[in-house]
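Comments concern the structure below.
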């Protein structure tokens, strides 16, 4: 058995948008299979120790994700709150692999992140390429694990 500090049991981060989208489809299939057979839904492979390690060692994933209410998913140039006169948007995200098990389902994602979910609201999942985002502007992403 690997020690608690080992990350060998965690999924390898996807390296391309295409790989990420393919893995999302695989997650959808797993969630649908669990629901159709009334089995427990897939759970995150990240333990508390794994999340502490992410905080201590920093982020090492190309793709991060965020859900927002669709009403705020316009082309205003930011995906988070931008105070008047600010040049940097700050927002909460998480690594793709920490949410991969939750499919693209806003309710499952909200549960995984400890967020309130409103079934009457439409949500949008944002897939963010950190390298591209950093190259295109000032970005500060807080990952609460």
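Numbering (full-length UniProt numbering), first residue to last: 1 to 145. Note that CB positions come from ideal geometry on N, CA and C, so glycine has one too. Fair warning: this is a prediction, and the values are worked out from it, not measured in the lab.
Asked: Check whether residue 63 and residue 96 have beta carbons under 7 Å apart; Found: yes
Asked: Check whether residue 99 and residue 65 have beta carbons under 7 Å apart; Found: yes
Asked: Where residue 129 sits in the DSSP three-state scheme; Found: strand
Asked: Straight-line Cα distance separating residue 88 from residue 104; Found: 27 Å
Asked: Residue burial classification, residue 101 (beta-carbon count within 10 angstroms, cutoff 16); Found: buried
Asked: Per-residue DSSP class, three states only, for residue 79; Found: coil
Asked: Endpoints, the beta strand (DSSP E) within which residue 65 is located; Found: 63–69
Asked: Counted within 10 angstroms of its Cβ, other Cβ atoms place residue 14 as buried (16 or more) or exposed; Found: buried
Asked: Contacting residues, own chain, Cβ-Cβ under 6 Å from residue 24 (five flanking each side not counted); Found: 104
Asked: Opposing strand residues paired with residue 94 [DSSP bridges]; Found: 65
Asked: Check whether residue 124 and residue 68 have beta carbons under 7 Å apart; Found: yes
Asked: Ordered list of alpha helix (DSSP H) runs contained in the UniProt region "Disordered" (1–49), each at least 4 residues; Found: 17–36
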